[in-house]
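Throughout the sequence shown, residue numbering follows our numbering, covering 1 to 133 in sequence. This report refers to the structure that appears directly beneath it.
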Amino acid sequence: MKKKVAFVCVHNSCRSQMAEGWAKKLGSHVLEVYSAGTEAYPELKPGAVKVMEEAGVDMSGQYPKLLTEIPQELDILITMGCNVVCPFVPNNHSEDWGLDDPSGGPIEGFRETRDLIKAKVEDLIHKVEKGEI
Numbered sequence: 001m002k003k004k005v006a007f008v009c010v011h012n013s014c015r016s017q018m019a020e021g022w023a024k025k026l027g028s029h030v031l032e033v034y035s036a037g038t039e040a041y042p043e044l045k046p047g048a049v050k051v052m053e054e055a056g057v058d059m060s061g062q063y064p065k066l067l068t069e070i071p072q073e074l075d076i077l078i079t080m081g082c083n084v085v086c087p088f089v090p091n092n093h094s095e096d097w098g099l100d101d102p103s104g105g106p107i108e109g110f111r112e113t114r115d116l117i118k119a120k121v122e123d124l125i126h127k128v129e130k131g132e133i
């Protein structure tokens, strides 16, 4: 059975969306993937979409969602480094990845964040496959 995972940050427009994209591309065999934010935001950050496209990940079907739009019970909750009180959704395992938001910075910052998130998603998938989570 797939594990329900949600990647959560404030606006659900950049880091959590990149994590959703990677998890869907790399881990759909073991993960049911969601992402959400604590505050409404109108669109994905163009820099996030651009750098994910560079890596072969299509995020065109993704959009910012609020916590109320995802399942309210999860197997895994990943917060991205909120800089505020991180949200809580009932879960069996949670981690805070503490990633800086590249929004407003140069495109290279988005690329660095994309690659960090990919490595963390790969590690998460590996732990789920091994039954550690």
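Here a beta-carbon is modelled for each residue, glycine too, at the ideal position from N, C-alpha and C. The structure presented is a predicted model; accordingly, all values stated were derived computationally and were not measured.
Span separating the alpha-carbon of residue i from that of residue j
i: LEU44; j: GLY56; result: 17 Å
i: VAL49; j: GLU39; result: 20 Å
i: LEU116; j: PHE7; result: 14 Å
i: ARG111; j: SER60; result: 18 Å
i: VAL128; j: VAL33; result: 13 Å
i: GLU54; j: ARG114; result: 10 Å
i: GLY131; j: ASN92; result: 13 Å
i: THR68; j: PRO42; result: 16 Å
Delimiting residues of the alpha helix (DSSP H) encompassing residue i
i: LYS24; result: 15–27
Sequence-distant residues of the same chain with beta carbon closer than 8 Å to residue i, five excluded per side
i: GLN62; result: GLN17, GLU20, GLY21, SER35 and LEU44
i: ILE107; result: GLY47, LYS50 and VAL51
i: GLN72; result: VAL89 and PRO90
i: ILE125; result: ALA23, LEU26, GLY27, VAL30 and LEU31
Cβ neighbours of residue i in the same chain (closer than 6 Å, five flanking residues each side left out)
i: LYS65; result: ASN12 and ALA36
i: SER94; result: LEU77
i: LYS118; result: TRP22
CB-CB length for residue i against residue j, believed under 8 Å
i: GLY81; j: TRP97; result: 6 Å
i: ASP123; j: CYS14; result: In fact, because the Cβ distance is near 20 Å, the residues do not count as touching under 8 Å.
i: LEU31; j: LYS3; result: 6 Å
i: ASP75; j: VAL121; result: Going by Cβ atoms, the distance from ASP75 to VAL121 rounds to 15 Å, so no, they are not a contact pair.
Segment limits, beta strand (DSSP E) that includes residue i
i: GLY81; result: That residue, GLY81, is in no beta strand (DSSP E); it is neither H nor E in DSSP.
i: VAL5; result: 3–9
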